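A short worksheet on the structure shown next.
Below is the structure:
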């Protein structure tokens, strides 16, 4: 029982933030750090140097010498 009381006291002491303020803070953080985000920008070091520079194969381009068109 004492454990539950301690936990409730800790939870009650946590500073609460309105959802609108939390959203604003999160959006501000994302905007300030978007240049370093590799999910939004291409990384400086290109790790796929072994891939063909031509892009993905088109439906007309056979991907294997054993591919036949119907």
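In UniProt numbering, the protein residues as written are 1 to 70. Glycine residues also receive a C-beta, built at the ideal position from the N, C-alpha and C atoms. As the structure is a prediction and not an experimental result, all values here were calculated from the model.
Given residue i, which residues of its chain have a CB within under 8 Å of its CB, disregarding the five upstream and five downstream residues?
i          : result
residue 33 : none
residue 4  : none
Can you give me the Cβ contacts of residue i inside the same chain, cut-off strictly under 7 Å, excluding the 5 residues immediately before and after it?
i          : result
residue 12 : none
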